[in-house]
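Take a look at the structure set out below.
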Amino acid sequence: MADSGEDKKPDVSSTEHLNLKVRSQDGTTTFFKAKKTTKFSKLISAFCAKQSISEAEVVFMFDGERLRGEQTPEELDMQNDDTIDAMIHQVGG
Amino acid sequence: MVRQPQVGRRGGTAFAAKQPLQSTRPLGSVRRHGPSSSVRYVLPDRPASLQQLQQGVLHAPAPDNAIRMLDEANVLEAKANVIRQTALQEMARNKRSGPVNYEAERQYQELIAQHERLQKGQAAVAAQAPTPAVIDMASPFGRDASAAQPPAQAAARATEAAQLAAARLVAEQSREQELERRQRKEQQRLRAKSADMFGGPSLQKLFARCDAALSTSGKSLAETQERDREMRLDLAESERQTLAALREAREQQRQRLQKAAPAWLRPAAAPLVPKPRAQPARRAAPPPPAQEECVDLVSSSEEEGEGETAHQEGDGLYGERGEYDQEAEEEEEAQSSYSQQAEEELSEAMAASVSLSASESEGPELARPYQPTAAHKRLYRQALDKGDPEEILMKHKNSNIDITRRLIKCMKPPEWLNDEVMNVYMGLLQDRDTRRRKAGRGPKCHFFNSFFINKLFLDQKPAAYAYANVRRWTNPKRLATWGQASASVLDCDVIIMPVHLGLHWTCAVVRLTDRELVYYDSMKGERADIMEALRQWVADEFKDKRNQDVDTSTWPIRYEKDIPQQHNGSDCGAFTLAFAEFEGRGASLAGAFAQEHMNAYRVKLTGEILSSCIST
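Just so you know, the sequences run in chain order A and B.
Read in order, the letters of the first sequence are residues 1 to 93 in the UniProt record's numbering.
Read in order, the letters of the second sequence are residues 1 to 616 in the UniProt record's numbering.
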């Protein structure tokens, strides 16, 4: 498993694009095409610009794992058509 | 001012109906203008003479020069008219919809005046060229020099008008941009306001107002607190005296007994001691000056070794309140620079906590769960200090969350806790769980972040169970990143998660080993729908990850009621974290702490987050 993953990386990382979905809490899905090595910050700012929301208002999660701007799809082992969840921050008293 | 309505009316009727400007012009004066220009001017009023005029134009021997100039004048005039009309219409529209714009009004009047000037000019032109009303085929172009002159003037005026109108348009555009900008600003303000509403500052303002009202009504909060503290100190003092007297009396009694009683009776004297001693110890702990007593407590409990935990719980309740009051006062006085007195207090508190932990090591669990250590207090002060709000005070690797000063500020009462704080605490609890397991202590726990229930259930519209949304949350890889020591959550004894109910935090628990689900709400709430979904999730998780059919429908769902309850509108986050922390070490919540300890508890939680360590 690990071997095949490593074998794939060199030819894949530079060329292959991933189709990623960002799902908002209201159920809408935004599609993105990104390189495996593109940092999420790019995707995040594009998404926020499109939804006209501030980046500070949203949390991005992939399978429950918090995403950071400096991470890339490759680091998280993302596959084509994977879904990222955009969640609005929560407060409560 | 007097003319303004007149002009307005005129503009309204003449231009709103999109009639040509010329229709308002007195007849006759225009018609005698140059032939080709009068074709246009007369058009709306005198269709009959149009024919004649056209014929006249067609048949007249027109010198090229005059015709070209006239045409130019006409074209310019037409352009000016179009621009003027659009500008006027726009102005009329803006006047109806927008706020009063004096600048626009002035420009509008100027334009009207310009228009009138143009009319006068045309009248003058007409006067200068006294052409008969009925076209004389030969006349207008026979005197081409005089005929060309007035249109040239008209052309100049028209150009001027066109330029003015263009300037007007530019001004209008900039005004529109300004309006748009203002709208955007307003939107931003509204958004910020709504963020405020949920962020809590508005609530804080409310509290601030309450405080202000309190102070103006003559009883300053500080005064009351001061009096309260003095009373408490007095009480403590008198109790200490009573205690000293009691102890002395007891000592004498003991000596008397020892002297009087035979040797075999002596051990019986011992049970007498702890009982009365429990009382002094309980009273002794109050505010800082009680340090001696606190140390005394340790030594005495070491001697006696009885009723130890009881002492601590008792004195905790009492001593904490005194200490907290001082804390609150300090907060009010100065947040950033604390005085020497505060330093002393800190060192005393440190000494107290050291002695406390020394006695704790023998006890089974933390005796005072809400008690912040001196280090916690220091971290709390530093965090709530004035400083760069975006400064990162703590990074947590597994949960991938950076805690900035802005985020941690929500720990100050009565702010509401945010998801970042909740989730980083879950991450820290997971880290603690790993440490506990290494130390051979149970239960094995898994902590989900606050978004789990959202994805599983709440976020569907309408709320509906959706296992697929969270199926991959529990993959071994994700669990490893999160810091879960087991490869599957089903290996754990307990699964704990905070639940965000719009404005309220609660805590949901799945006890896999005990085959039951528990719901903690600091306000006695019950959410059967969420718990049903969670129960279904357990079954689906067994099916998906283990391919086992587990019937969870028989697992009871308990809404725990004998737990600390919240009596304000801001502490539910802290309660929820406390519930999760207790559940994480299998401790009983009944009577463990109460609302009045929550401010102290917030200090402790802050300290734990910023030091990235929750004690086991």
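Glycine included, C-beta positions come from ideal geometry on N, C-alpha and C.
- Assignment of residue 227/B by DSSP, reduced to helix, strand and coil, places it in the helix class.
- When Cβ pairs closer than 8 Å are counted between the two stretches, the stretch 416-430 of chain B is seen to touch the stretch 576-584 of chain B, the count reaching three or more.
- Against chain A, the CB of residue 452/B has a partner CB under 8 Å away; the residue lies at that interface.
- Taking the beta carbon of residue 492/B as reference, no residue of chain A falls within 7 Å; the closest one sits roughly 15 Å away.
- It is roughly 21 Å from the alpha-carbon of residue 524/B to the alpha-carbon of residue 370/B.
- Secondary-structure assignment with DSSP links residue 519/B through a beta bridge to 508/B, 559/B.
- With distances taken between CA atoms, residue 112/B lies nearest to 87/B out of 123/B, 87/B, 553/B.
- Between residue 479/B and residue 495/B, the C-beta spacing is not below 8 Å.
- The CB of residue 461/B comes closer than 8 Å to the CB of 26, 27 in chain A, given here in chain order.
- At the C-beta level, residue 84/B and residue 166/B stay beyond 8 Å of one another.
- Excluding sequence positions up to five before and after residue 449/B, its CB lies within less than 6 Å of the CB of 423, 426, all in the same chain and listed in chain order.
- Taking C-beta atoms as the reference points, residue 109/B and residue 168/B fail to come closer than 8 Å.
- For residue 30/A, DSSP records a beta bridge to 22/A.
- Against residue 401/B, the close residues of chain A are 66, in the order they occur along the chain (beta-carbon pairs closer than 8 Å).
- According to DSSP, residue pairing for residue 85/A in a beta bridge involves 23/A, 61/A.
- Per DSSP, the continuous alpha helix (DSSP H) segment holding residue 40/A begins and ends at 40-51.
- Contacts with chain B at 8 Å (Cβ-Cβ) include residue 61/A.
- In the DSSP secondary-structure assignment, residue 402/B is bridged to 395/B.
- For residue 92/A, the secondary structure class from DSSP, reduced to helix, strand or coil, is strand.
- Within chain A, no C-beta atom comes nearer than 9 Å to that of residue 602/B; the closest sits roughly 12 Å away.
- Counting along the chain, residue 572/B sits inside the alpha helix (DSSP H) bounded by residues 572-584.
- Under the three-pair Cβ rule at 8 Å, the stretch 450-469 of chain B counts as touching the stretch 500-511 of chain B.
- From the beta-carbon of residue 85/A, the residues of chain B found nearer than 7 Å are 455.
- Each of 409/B, 486/B, 421/B was checked against the Cα of residue 400/B, and the nearest Cα belongs to 421/B.
- Under the three-state reduction of DSSP output, residue 76/A falls in the coil class, being neither helix nor strand.
- Listed in chain order, the positions of the stretch 468-488 of chain B with a beta carbon within less than 9 Å of a beta carbon of chain A are 469, 470, 471, 472, 473, 474, 475, 477, 478, 481, 482.
- In the DSSP assignment, residue 35/A is bridged to 17/A.
- In the structure shown, residue 490/B falls within a helical segment according to DSSP collapsed to helix, strand and coil.
- Not a single C-beta of chain A is nearer than 8 Å to the C-beta of residue 597/B.
- The continuous alpha helix (DSSP H) containing residue 376/B extends over residues 374-383.
- Contact note: residue 570/B reaches chain A through 93, using a C-beta cutoff of 9 Å and chain order.
- For the stretch 500-531 of chain B, residues whose beta-carbon sits nearer than 8 Å to a beta-carbon of chain A comprise 500, 501, 502, 503, 504, 505.
- Distance between residue 18/A and residue 602/B, taken at the CA atoms: about 44 Å.
- When the beta-carbon positions are compared, residue 599/B and residue 413/B come within less than 8 Å of each other.
- The residues 453, 457, 499, 508, in chain order, have a CB closer than 7 Å to that of residue 530/B in the same chain once the five nearest residues on each side in sequence are set aside.
- For residue 537/B, there are no C-beta contacts with chain A under 8 Å, since the nearest C-beta of that chain is about 13 Å from it.
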